[in-house]
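Asks:
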Amino acid sequence: MHTTYNLNAQIGESSACATALLCGVKANFETVGLDGNGKFENCYSSFASRVDSLAYWAQQQELRTFFVVLRIQQPRNCPQLDEFVSY
803 MHTTYNLNAQ
813 IGESSACATA
823 LLCGVKANFE
833 TVGLDGNGKF
843 ENCYSSFASR
853 VDSLAYWAQQ
863 QELRTFFVVL
873 RIQQPRNCPQ
883 LDEFVSY
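For reference, each letter of the sequence shown is one residue, going 803 to 889 in the numbering used here.
#1: By the 10 Å Cβ neighbour count, where 16 or more other Cβ atoms means buried, how is Asn-844 classified, buried or exposed?
#2: Taking Ser-847 as the reference, which of Val-870, Leu-865 and Val-834 has the closest Cα?
#3: Is DSSP giving Leu-836 helix, strand or coil here?
#4: Val-853 and Cys-825 look like a contact to me (Cβ under 8 Å); what is the Cβ gap, rounded to whole Å?
#5: Would you kindly report the start and end of the unbroken alpha helix (DSSP H) that includes Leu-824?
#6: In angstroms, rounded to a whole number, what distance separates the CA positions of Phe-868 and Ala-822?
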């Protein structure tokens, strides 16, 4: 298991961590799909900062891709989270 921190913060914020895991590039706090030049609340910085993801690379190889999104309805402080909704 790897620990993934943001470039500009020493916490594992979810969007920047997802970028690191799915794109192979560390990102800044509260940015997703952008490299280190992309800044939070600065839309212009995102134009040149976009990075490709595993899904994009797979689609370029003409592989089928899909995403499963789950939302926990009522999280509890226990190991069993049994109320999931699939979209």
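Positions of the beta carbon are idealized from the N, C-alpha and C atoms, including for glycine.
Note that this is a predicted model, so its numbers are computed, not measured.
Replies: Concretely, from the data shown:
#1: Along the sequence shown, read from residue 1 onward, the residue named residue 844 stands at position 42. Residue environment for Asn-844: exposed (fewer than 16 other C-beta atoms within 10 angstroms of its C-beta).
#2: Working through the sequence shown from its first residue, we reach residue 847 at position 45. The shortest C-alpha to C-alpha distance from Ser-847 to any of Val-870, Leu-865 and Val-834 is the one to Val-834.
#3: Taking the sequence shown and counting its residues from 1, the one referred to as residue 836 is at position 34. DSSP places Leu-836 in strand when its eight states are reduced to three.
#4: In the sequence shown, residue 853 corresponds to position 51, counting from 1. In the sequence shown, residue 825 corresponds to position 23, counting from 1. Between the beta-carbon of Val-853 and that of Cys-825 there is about 5 Å, and that keeps the pair under the 8 Å contact cut.
#5: Mapped onto the sequence shown, residue 824 falls at position 22. DSSP places Leu-824 in the uninterrupted alpha helix (DSSP H) bounded by 816-825.
#6: Looking up residue 868 in the sequence shown gives position 66. Looking up residue 822 in the sequence shown gives position 20. Within the model, the alpha-carbon separation for Phe-868 versus Ala-822 is close to 19 Å.
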